[in-house]
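Take the sequence shown: its letters are residues 27 to 345, numbered as in the numbering used here.
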Amino acid sequence: MTAHGRSGGWSAWVGLALFVVVVAALTIGVGPAGLTRGGLAQVLEFRLPRLVLGIMAGGVLATAGAGLQGLLRNPLADPFTLGVASGAALGVSLVLVSGHGSSLLLPVGGFAGALAATFLVYLLARVRGRVTMTGLVLAGVIANFFFASLMMLIMILGRRTLGEAVYLTMGHLGVVVTHRSVWLLAGAGAAALAGCGWLLTQSRALDVMSLSEETARSLGVNTGRLTRQVFVVLSLAVGVVVSFTGAISFVGLVVPHLVRMLFGPMHRRVLPGSFLLGAGVLLVSDLVARNVVPGGLPLSVVTALVGVPFFVYLLRKRL
27 MTAHGRSGGW SAWVGLALFV VVVAALTIGV GPAGLTRGGL AQVLEFRLPR
77 LVLGIMAGGV LATAGAGLQG LLRNPLADPF TLGVASGAAL GVSLVLVSGH
127 GSSLLLPVGG FAGALAATFL VYLLARVRGR VTMTGLVLAG VIANFFFASL
177 MMLIMILGRR TLGEAVYLTM GHLGVVVTHR SVWLLAGAGA AALAGCGWLL
227 TQSRALDVMS LSEETARSLG VNTGRLTRQV FVVLSLAVGV VVSFTGAISF
277 VGLVVPHLVR MLFGPMHRRV LPGSFLLGAG VLLVSDLVAR NVVPGGLPLS
327 VVTALVGVPF FVYLLRKRL
């Protein structure tokens, strides 16, 4: 890799943007049934919301993964492996069984669940004032199993369908957007994007945090406040995404590492690069998920096929 490429040359950015544009066009034009004569109505009602959700979800999850990896100095950190997405799904399930499945309470439930999961995992992993990579991964695995099991129990006791539980656990983009919910989606999406924008303003602080907490303190970074702020903001962004798409695995783990190979470690490049590549990767995963088998697959089935081997590679490399 050349120094120019590592610094994020224009060719790399243009190529990344073109990748997203091409995949977006395929998302609109390709499907099991193709486009009918009423194609415009079909696009507006089904495929355009799917495209918007895919861009928002993939971008937010990848950006959150990049931010968490820098903040915690842990290459295995992402919203799924740390249990944040599962916590958000648990919060959403509580709202669903309470009978408020189409209200503003859905993203609120997702945010509350994600925030609680984030702080719980961090506290479990913190031993004698230090958070180790192994401790964080183990705490995340424990939280994932616990939240997923509790969410499934709540959905079954609340007489929701098994299909709803599966898609909430493993992710999908097939949300039916009504005239009422389109404003909820727009507002929630704006909040999630604002969270990613705020994270970008903290790029320099994340750069020094990724070196060491002591270095960050010596350079004037209030590490405790930054950690709390990042946890809250990313919990909001991830919770909003999960309230519409369910928990999607490994996008936030794999994408930031690929972006660092292209643009280097500086977060002012890694964060926007992760958003773009994450959006494209999730749209590709959705294309595969809804065209491989009749009726489609949960998104995490596709993302895990790539994410699990990559996770094992990182784990063996670091331990």
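Think of the CB as a built atom: it goes at the ideal place given N, C-alpha and C, for glycine as much as any other residue.
Around the C-beta of T160, are 16 or more other C-beta atoms found within 10 angstroms, so that it is buried, or is it exposed?
As a working note, residue 160 is residue 134 in the sequence shown. By the neighbour-count rule (16 or more Cβ atoms within 10 Å), T160 is not buried but exposed.
Pick out whichever of V296, V167 and L284 has its Cα sitting closest to the Cα of R230.
Position 204 of the sequence shown, counted from the first residue, corresponds to residue 230. The residue with the shortest Cα to Cα distance from R230 is V296.
Assigned exposure category for F301 - 16 Cβ within 10 Å defines buried
The sequence position of residue 301 within the sequence shown is 275, counting from 1. By the 10 Å Cβ count, F301 comes out buried.
Closest by CA to T195, which one among V268, G321 and L141?
One-based indexing of the sequence shown puts residue 195 at position 169. Looking at the Cα atoms, V268 is the closest of the given residues.
Please go through the same chain and pick out, in chain order, the residues whose beta-carbon is closer than 8 Å to the beta-carbon of N170, but skip the five residues on each side of it.
Residue 170 sits at position 144 when you count from the first residue of the sequence shown. Excluding residues within five positions, the ones whose Cβ falls inside 8 Å are F106, T107, G109 and S112.
Coarse secondary structure for R295, derived from DSSP in three states:
Locating residue 295 in the sequence shown gives position 269, counting from the first residue. If DSSP states are grouped into helix, strand and coil, R295 belongs with the helices.
Thinking C-alpha only, which one of L284, V123 and F72 is nearest G55?
In the sequence shown, the residue the question calls residue 55 occupies position 29. Nearest C-alpha to G55: F72.
May I have the straight-line CA-CA distance separating A165 from A151, to the nearest angstrom?
Mapped onto the sequence shown, residue 165 falls at position 139. Mapped onto the sequence shown, residue 151 falls at position 125. So the two alpha carbons sit approximately 6 Å from each other.
Where the alpha helix (DSSP H) through A218 begins and ends:
For the purposes of this step, residue 218 is identified with residue 192 of the sequence shown, where counting begins at 1. Where A218 is concerned, the enclosing alpha helix (DSSP H) stretches over S207 to T227.
Count the other CB atoms within 10 Å of the CB of A43; is the residue buried (16 or more) or exposed (fewer)?
Numbered from 1 along the sequence shown, position 17 holds the residue referred to as residue 43. So A43 ends up on the exposed side.
According to DSSP, simplified to helix, strand and coil, what is R76?
Counting from 1 along the sequence shown, the entry for residue 76 is found at position 50. Helix.
Measure the CB-CB distance between V78 and V310 and report whether it falls below 8 Å.
Position 52 of the sequence shown, counted from the start, is the residue given in the question as residue 78. Position 284 of the sequence shown, counted from the start, is the residue given in the question as residue 310. Not closer than 8 Å, so no.
Report the CB separation of P320 from Y193 in whole angstroms; it is logged as a contact under 8 Å.
Here residue 320 refers to the residue found at position 294 when the sequence shown is read from its first residue. Here residue 193 refers to the residue found at position 167 when the sequence shown is read from its first residue. In fact, because the Cβ distance is near 16 Å, the residues do not count as touching under 8 Å.
Can you give me the start and stop residues for the alpha helix (DSSP H) that H283 sits inside?
What you label residue 283 is simply residue 257 of the sequence shown in a count that begins at 1. Counting along the chain, the alpha helix (DSSP H) containing H283 begins and ends at V277 to F289.
Would F171 pass as an interface residue toward chain B - the criterion being a Cβ-Cβ separation below 8 Å?
Going by chain labels, chain B is absent from the structure shown, which holds only one protein chain.
Let me confirm a value: R76 is counted as buried when at least 16 other C-beta atoms fall within 10 Å, else exposed. Which label applies?
Residue mapping note: residue 76 aligns to position 50 of the sequence shown, counting from 1. Buried, by the Cβ-count rule.
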